[in-house]
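Report on the structure given below.
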Ligand code: PMP
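Residue numbers (full-length UniProt numbering): 55 to 481.
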């Protein structure tokens, strides 16, 4: 049993010594002390079904024994900088990761986070093309450093940042977007941005396959292929941000972009890649990777042996436990059950997503799509009281993000939906 400081003591220290900008979910913040696969345990030993942590950090399940074993073995052997000496942990993981990529996407740069990965990807695109202009999507989240905050496109995540050449195109959002599900129409907007907002030559385009922070927004069908074509003819590179949609989460494919039938020039990843260990990566083709030889490029810990040992173990677990198939089967089942709830409750405006990356949007009026933010918070709070943790997102804070570890079962899916149903029936 847990014998450490109480939640109140932790909260007091957090208030005194940690960033005043830290936020926490729930009216009574949750103090978790243990994790096992899809479950978290609080300081009193109470169990919670974690239907959100899959994106925050964990893809194989909390404390997966194979991943822990790899981390501990490597930590016992050696932990060092990535750069200075040879290490098989690093090169083996790079090889394994490259083997999951289509085409000639074979060169891997490691970083410590998703922000760093996207910063590097943007820089590479600019170096390769000699252009500055980047196009990203409204409602996107790509990170919080100078360049990536420019690419991020939700005012609540942006401080006083210089946009530095980033243009934001219309979001191809089938639920709230002006052109509904017409991907080609949104793609025309990208063409317009290129024609009327740049010299006609651009550095590149960055987007997620399914927007995560943005509220599990799937891009309208046909959008990405049309946009990739426009970007290529303007000389730009296409960057796929797989920080959330990657690593088998969408079920039908290993990478989110694959379900759009496109092949990017650069792919970025983080979060689930190390099952909770800080790690990120940029993968590109050799010809593009070459630009980083023009100067010295160095990242002390990006891809250090302990983190890459975790990464390699994650790839093996995904394969060994058929987690992609599981994401597809359980995710499709869960989505069907959530659609069942939509038929029952007027407040659910939309259910969307693929595999184990699902969103449920709450609106007070289905016609007007008025965001039901307070109700979302209430349901989230009450579900936690009943032992189920879900995430929240979307610009208006009215979308449930359901992104569990990929070991989630049908029974877990039933429990989640039943709990949501009970909470909503009492509203
Ligand atoms: N890209 C996407 C799609 C993300 O969701 C995030 C994090 N929410 C990032 C990039 C940034 O990753 P990190 O927080 O590891 O810097």
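The beta carbon of each residue, even a glycine, is placed where N, CA and C say it ideally should be.
What you are looking at is a predicted structure, and each value in this text was computed from that prediction instead of being measured.
Proximity of residue i and residue j at Cβ, strictly below 7 Å
i           : j           : result
residue 445 : residue 95  : no
residue 256 : residue 205 : no
residue 271 : residue 241 : no
residue 193 : residue 265 : yes
residue 141 : residue 359 : yes
residue 169 : residue 197 : yes
residue 364 : residue 121 : yes
residue 245 : residue 109 : no
residue 403 : residue 420 : yes
residue 303 : residue 410 : yes
residue 90  : residue 118 : no
residue 345 : residue 159 : no
residue 448 : residue 234 : no
residue 167 : residue 324 : yes
residue 317 : residue 459 : no
residue 427 : residue 451 : yes
residue 322 : residue 175 : yes
residue 405 : residue 437 : no
residue 362 : residue 147 : yes
residue 102 : residue 326 : no
residue 383 : residue 462 : no
residue 443 : residue 88  : no
residue 78  : residue 97  : no
residue 414 : residue 392 : yes
residue 226 : residue 273 : yes
residue 456 : residue 412 : yes
residue 92  : residue 319 : no
residue 546 : residue 267 : Given that the chain is displayed from residue 55 to residue 481, the structure contains no residue 546 and the question cannot be resolved.
residue 369 : residue 150 : yes
residue 137 : residue 343 : no
residue 417 : residue 424 : yes
residue 243 : residue 224 : yes
residue 190 : residue 220 : yes
residue 124 : residue 335 : no
Buried or exposed (CB count within 10 angstroms, at least 16 for buried), residue i
i           : result
residue 252 : buried
residue 210 : exposed
residue 145 : exposed
residue 481 : exposed
residue 262 : buried
residue 313 : buried
residue 305 : buried
residue 76  : exposed
residue 301 : buried
residue 295 : buried
residue 222 : buried
residue 329 : buried
residue 482 : Here the chain covers residues 55 to 481 and nothing more, so residue 482 does not appear.
residue 20  : Since the first residue shown for the chain is 55 and the last is 481, residue 20 is missing from the structure and cannot be characterised.
residue 482 : There is simply no residue 482 to check, as the chain begins at 55 and stops at 481 in what is shown.
residue 187 : buried
residue 143 : buried
residue 73  : exposed
residue 259 : buried
residue 80  : exposed
residue 153 : exposed
residue 127 : exposed
residue 228 : buried
residue 57  : exposed
residue 380 : buried
residue 182 : buried
Residues that residue i bridges to, as DSSP identifies them
i           : result
residue 335 : 164, 323
residue 89  : 94
residue 102 : 94
residue 116 : 91
Below-7 Å beta-carbon distance, residue i vs any chain D residue
i          : result
residue 61 : Here there is only one protein chain, and chain D is not present.
Residue i Cβ short of 6 Å to the ligand GDP heavy atom set
i           : result
residue 272 : The ligand content of the structure shown is limited to the ligand PMP, which means the ligand GDP is not among them.
Checklist entry - Which whole runs of the beta strand (DSSP E) in the segment 402-473 are 3 residues long or more, in chain order? => result 402-408, 411-419, 445-447, 453-456
Item to check | In chain order, each alpha helix (DSSP H) run of at least 4 residues that lies wholly inside the segment 180-263 | outcome: 200-205, 237-251
Next on the checklist: Please give the ranges of any beta strand (DSSP E) in the segment 263-304, keeping only runs that are unbroken, at least 3 residues long and fully inside the region.
Outcome noted: 291-295
Checklist entry - What runs of the alpha helix (DSSP H), each 4 residues or longer, lie entirely inside the segment 361-389? => result none
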